[in-house]
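Engineer: Each protein sequence line maps, in turn, to chains A and B.
Everything in the first sequence is counted per the numbering used here, starting at 148 for the first residue and increasing by one.
Everything in the second sequence is counted per the numbering used here, starting at 148 for the first residue and increasing by one.
Cβ coordinates follow ideal geometry from the N, Cα and C atoms, glycine included.
These numbers come from a predicted model, not from an experiment.
Number of protein chains: 2
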Amino acid sequence: MNLPIGELSRRTGVKVPTIRFYEQIGLLPSPPRTEGNQRRYGKPEVERLNFIRHSRELGFEVEDIRELLDMAASPQASCHQADSIARNHLTEIDRRIASLTALRGELTRMVEECGHGRICDCRIIEVLADHGECVTEHAH
Amino acid sequence: MNLPIGELSRRTGVKVPTIRFYEQIGLLPSPPRTEGNQRRYGKPEVERLNFIRHSRELGFEVEDIRELLDMAASPQASCHQADSIARNHLTEIDRRIASLTALRGELTRMVEECGHGRICDCRIIEVLADHGECVTEHAH
DNA sequence: TCTTGATCCTCTAGTGGCTAGAGGTCCTAG
DNA sequence: CTAGGACCTCTAGCCACTAGAGGATCAAGA
Chain A
148 MNLPIGELSR
158 RTGVKVPTIR
168 FYEQIGLLPS
178 PPRTEGNQRR
188 YGKPEVERLN
198 FIRHSRELGF
208 EVEDIRELLD
218 MAASPQASCH
228 QADSIARNHL
238 TEIDRRIASL
248 TALRGELTRM
258 VEECGHGRIC
268 DCRIIEVLAD
278 HGECVTEHAH
Chain B
148 MNLPIGELSR
158 RTGVKVPTIR
168 FYEQIGLLPS
178 PPRTEGNQRR
188 YGKPEVERLN
198 FIRHSRELGF
208 EVEDIRELLD
218 MAASPQASCH
228 QADSIARNHL
238 TEIDRRIASL
248 TALRGELTRM
258 VEECGHGRIC
268 DCRIIEVLAD
278 HGECVTEHAH
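1) Run through the DSSP bridge pairs and tell me what A:Y188 is partnered with.
2) Counting only C-beta atoms, is A:L175 closer than 9 Å to chain B at any point?
3) In the DSSP output, which residue or residues are listed as bridge partners for A:R180?
4) Checking contacts by CB at 9 Å: is B:S202 closer than that to chain A?
5) Quick one: give me the first and last residue of the alpha helix (DSSP H) that A:I172 is part of.
6) Would you identify the three-state DSSP class for A:F207, choosing helix, strand or coil?
7) Strictly below 8 Å CB to CB, what residues from chain B border A:I272?
8) Buried or exposed: which applies to B:E154, given that a residue is buried once 16 or more other Cβ atoms fall within 10 Å of its Cβ?
9) Looking at B:L205 and B:H227, is the spacing between their C-beta atoms short of 9 Å?
10) Using the beta-carbon of each residue, which ones in chain B are nearer than 8 Å to A:M148?
11) Which chain B residues sit within Cβ distance under 8 Å of A:I244?
12) Is it buried or exposed, B:S202, if we count other Cβ atoms within 10 angstroms and call 16 or more buried?
13) To the nearest angstrom, report how far apart B:Y169 and B:V163 are at their CA atoms.
14) Mark B:A245 as exposed unless 16 or more other C-beta atoms lie within 10 angstroms of its C-beta, in which case mark it buried.
15) Rank A:L174, A:E208, A:L254, A:D211 by C-alpha distance to the C-alpha of A:V193 and give the top, closest one.
16) Please report whether the beta-carbon of B:I240 lies at a distance below 9 Å from any beta-carbon of chain A.
17) I believe A:L215 touches A:I232 by the beta-carbon criterion, under 8 Å. Please report the beta-carbon distance rounded to the nearest angstrom.
18) Please confirm if B:R180 has its CB atom under 9 Å from at least one CB of chain A.
19) Can you list, in chain order, the residues of its chain with a C-beta nearer than 6 Å to that of B:M148? Leave out the 5 residues immediately preceding and following it.
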């Protein structure tokens, strides 16, 4: 367990420059280096990076992840805060799904109505030009 | 119809700095100016900007919009290209919805399993730390 | 031991789509 | 003629990376 950055990358699915970026913004602690100044990682880093990656995949922002990591590091505290981060996030996800679904409907209609003729008859262009007011506010 | 930028903004719902930004990246042509160097817009700009806004609301990227605008400007051409831009976009939307739905499931489970006790019992941290491999690739 | 080439290093700049702010000019109503 | 709101340009910042230059290091084979 004395992994160079490329191996850490392979094991976690996080790209090498991204790992260095996470270190730079303080999400991942600076690891020890070899004599030749290369980073060497251990098991805790693999786990932490997996946590980060998974959180990102779930759509958490870096600031959220920072909070979650801090909480994880102090198991005395109540998990009420983690719970509320997740709940807020859930609400946001629902909003996004709803918005994307509405959008999907509109796009589908557009595509289906496209007669594959000339632009002047094309519903896609028409819809985009005309519907000045009819779409609800957009996600994120 | 000799609108200052603020009035164009009010009529289209696009913020003033954003209008200037669109001009800068060539999405909106540079309008004529007053003697005092202030922009004055006409009806075509209102329409073009509405087209842009609506397209953005539907999630099209600026490059897509550029193409769509070019197509709209040549009504002789076939709308095959517009169709394919819209279809690609639809595919992407579907991917995002699927990913968000999966994510929603996992978050819901996390929140439900959280016993509101101490962090050490809190599944939120655990789930995010452990499930290294179980989420499919993430949207854009 | 030497060489090769893959991997590593730092640093800067770019991405998309805006948004914010500084510091100044113009326009219009009273 | 003046006040203050709207306008101007310019630069920098946001988020979460990504790309590339230009060079150093490491490990395996000859």
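Structural biologist: In short, the structure shows the following:
1) A:L150
2) no
3) A:R186
4) Judged by the 9 Å Cβ criterion, B:S202 is in contact with chain A.
5) No alpha helix (DSSP H) contains A:I172, which DSSP labels as neither H nor E.
6) coil
7) L215, M218, A219, C226, A229
8) exposed
9) no
10) Per Cβ cutoff of 8 Å: no residues; A:M148 is ~16 Å from chain B at best.
11) I244, L247, T248, R251
12) buried
13) A direct Cα-to-Cα measurement between B:Y169 and B:V163 gives close to 10 Å.
14) exposed
15) A:L174
16) yes
17) With 8 Å as the limit, A:L215 and A:I232 qualify as a contact, their Cβ atoms being about 7 Å apart.
18) no
19) G189, K190
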